[in-house]
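In the working numbering, the protein residues as written are 108 to 240.
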């Protein structure tokens, strides 16, 4: 995948781009989250990062798009309502990762095969509607 396209996707998603072989990885930290696990503050990307990957496939102008989002539980339903408008994006999992974390965090997995810019724009818009900063 072209580096400039990867950087464009990162700009749309308000994240940082990293090219790994032919896969574009975009990571966006939730700097607005103040999280503790077992009573200890954490800024680990394992806890507060939204992660996206875009991988070329045989279809022209389309990629395999994957995402794992960290959401506050009150952001889950507004995000789902917004993302259900997409004809391509599938929600494949909604679950927790941690025990004894504050605030309560929910992780959502998404996948699609579509134009990567469209995927990024649809995700960015749904995050905005859910109030994710």
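Even for Gly, the Cβ is constructed at its ideal location relative to N, Cα and C.
- Sufficient close CB pairs (3 or more, under 8 angstroms) joining the region 190-204 to the region 123-130: no
- Counting only runs of 4+ residues fully inside the region 131-177, write out the alpha helix (DSSP H) ranges in chain order. 152-155
- Query: Closest to residue 129 by CA distance: which of 239, 163 and 202 is it?
  - Reply: 163
- Query: Rounded to a whole number of angstroms, what is the C-alpha to C-alpha distance between residue 136 and residue 165?
  - Reply: 31 angstroms
- Span of the beta strand (DSSP E) holding residue 124? 123-127
- Identify whether residue 228 lies in helix, strand or coil by the three-state DSSP scheme. helix
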